[in-house]
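First comes the structure, then the notes that go with it.
Chains as they are written, first to last, in the working numbering: chain A, 537 to 691; chain B, 3 to 239.
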């Protein structure tokens, strides 16, 4: 019995101790967007985007839309355009780009909350933005939020 | 004419030297030139030049992969290394190496596009015969100081808005130790061909980033502490 327990501990301990490290996007990051609009969304784009191919949100019947949208690495803000049948809403997201280097990841990029000023400007009435680092350790069985999460409530 | 004859002599010797390590035998080499051992083996001072390090990349058509890291390929590598060897007492020689290396590493994936590497190194130390009174096999230990510049071109891919590019100039400074084994051949009374096999231990004191190639060390995997090994030929006069 003790032998069995000892074997179990020897097997399980390394599994707990070994935590992986997530190095982040290594390129253009994506933000997580949830959107509950009044009208049907026609399409999404952003200022300065060369292609619209990555601007897609999944339709969720009860909540509205959800998905990941790319943000620009060329400046500290990205302005998204939400096209509805009769009007266009905008959301400008502010952030701080980090380009750095570490032993674990080599050269990487990360996104932080802006040092000063607002985190967003929008024509939507209710926007909630949360910043989490894109990079960090992960452990099996545990959830760590990553990246920027935007929740748009359009009542 | 005399130098030409010496060069031909060397060419005759080289294949033998290249075959010799393959067989893995370390035997008493030759009997024909034994009478000339004394003049070079017993000489007080000699200057050597590395004659091998540039050949492998040249044979591979100036393009060789670095198997570790992110599949970078080496281009335009040039290694210049001068060796100085001086007898200090009956058993020991002082050895000094001065080297310059330049290299381009082009990466096919990851955030690094290209690394332009330029580096200088100085190594100095002592060696002694492996066997008492031996003329051919030597073991030695060198200390080293290195300075190496990395021009790192970074590219963070941005398919939607455009790539973010950055150029960094990184100065790396490090120290290290190099135990080595040298086996000497004396094709001529004035010339000595030395086959050197080395181990490198290097610690970077200043700098950043992974260094897939570090001048004076070779291809490396570590971050600040790196280890490498190599074998080469030096021609001493």
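Yeah, the Cβ is synthetic: ideal placement off N, Cα and C, and Gly gets one too.
For clarity, every value in this text was computed on a predicted model and none was experimentally measured.
Residues bridged to residue i (per DSSP)
| i | result |
| --- | --- |
| residue 136(B) | The partner list for residue 136(B) (beta bridge, DSSP) is empty, contrary to what the question assumes. |
| residue 122(B) | 102(B), 149(B) |
| residue 632(A) | 648(A) |
| residue 556(A) | 674(A) |
| residue 198(B) | 184(B), 234(B) |
| residue 157(B) | 167(B) |
Buried versus exposed, by CB contacts within 10 Å (16 or more), residue i
| i | result |
| --- | --- |
| residue 202(B) | buried |
| residue 37(B) | Here residue 37(B) scores only 45 on pLDDT, less than 50, and its place in the model is too uncertain to base an answer on. |
| residue 82(B) | exposed |
| residue 150(B) | buried |
| residue 28(B) | Confidence at residue 28(B) is low in this model, with a pLDDT of 41, below 50, so the placement of that residue is unreliable and no value is reported for it. |
| residue 204(B) | buried |
| residue 215(B) | buried |
| residue 609(A) | buried |
| residue 228(B) | buried |
| residue 49(B) | exposed |
| residue 40(B) | Any answer about residue 40(B) is weak, because its pLDDT of 49 lies below 50 and its placement is not dependable; what the coordinates show is given next. Answer is exposed; the Cβ neighbour count stays below 16. |
| residue 679(A) | exposed |
| residue 629(A) | buried |
| residue 95(B) | buried |
| residue 109(B) | buried |
| residue 671(A) | buried |
| residue 588(A) | exposed |
| residue 62(B) | exposed |
Sub-9 Å separation of residue i and residue j beta-carbons
| i | j | result |
| --- | --- | --- |
| residue 669(A) | residue 646(A) | yes |
| residue 166(B) | residue 115(B) | no |
| residue 80(B) | residue 103(B) | yes |
| residue 127(B) | residue 100(B) | no |
| residue 74(B) | residue 117(B) | yes |
| residue 577(A) | residue 618(A) | yes |
| residue 654(A) | residue 631(A) | no |
| residue 569(A) | residue 593(A) | yes |
| residue 196(B) | residue 185(B) | yes |
| residue 615(A) | residue 662(A) | no |
Residue i: CB within 8 Å of a non-hydrogen atom of the ligand SAM
| i | result |
| --- | --- |
| residue 232(B) | Of the ligands one can find in the structure shown there are none, so the ligand SAM has no counterpart to examine. |
Below-9 Å beta-carbon distance, residue i vs any chain C residue
| i | result |
| --- | --- |
| residue 108(B) | Reference to chain C is not applicable here, since the protein chains of this structure are A and B. |
- Message: Please identify, using Cβ separations under 8 Å, the residues of the segment 100-122 of chain B that lie next to chain A, in order along the chain.
- Response: 112, 113, 114
- Message: Tell me which residues of the segment 78-100 of chain B have at least one Cβ-Cβ distance to chain A shorter than 8 Å, keeping chain order.
- Response: none
- Task: Compile a chain-ordered list of the residues in the segment 580-597 of chain A whose CB is closer than 9 Å to at least one CB of chain B.
- Result: 582, 584, 585, 586, 587, 588, 589, 590, 591
- Can you list, in chain order, the residues of the segment 140-166 of chain B whose Cβ is nearer than 7 Å to any Cβ on chain A? 156, 158, 159, 160, 161, 162, 163, 164, 166
- Task: Pull out every residue of the segment 555-567 of chain A whose Cβ sits closer than 8 Å to any Cβ of chain B, in chain order.
- Result: 562, 563, 564
- Message: Taking beta-carbon pairs under 7 Å, can you tell me which members of the segment 596-625 of chain A lie near chain B?
- Response: 606, 608, 609, 610
- With 9 Å as the C-beta to C-beta threshold (strictly closer), list the residues of the segment 642-657 of chain A near chain B in chain order. 642, 643, 644, 645
- When Cβ atoms are compared, which residues of the segment 195-219 of chain B fall closer than 7 Å to chain A? 210, 211, 212
- Item | Residues from the segment 629-640 of chain A in contact with chain B, defined by Cβ distance under 7 Å | 635, 637, 639
- beta strand (DSSP E) runs wholly inside the segment 584-610 of chain A, at least 3 long, in chain order: 594-596, 600-606
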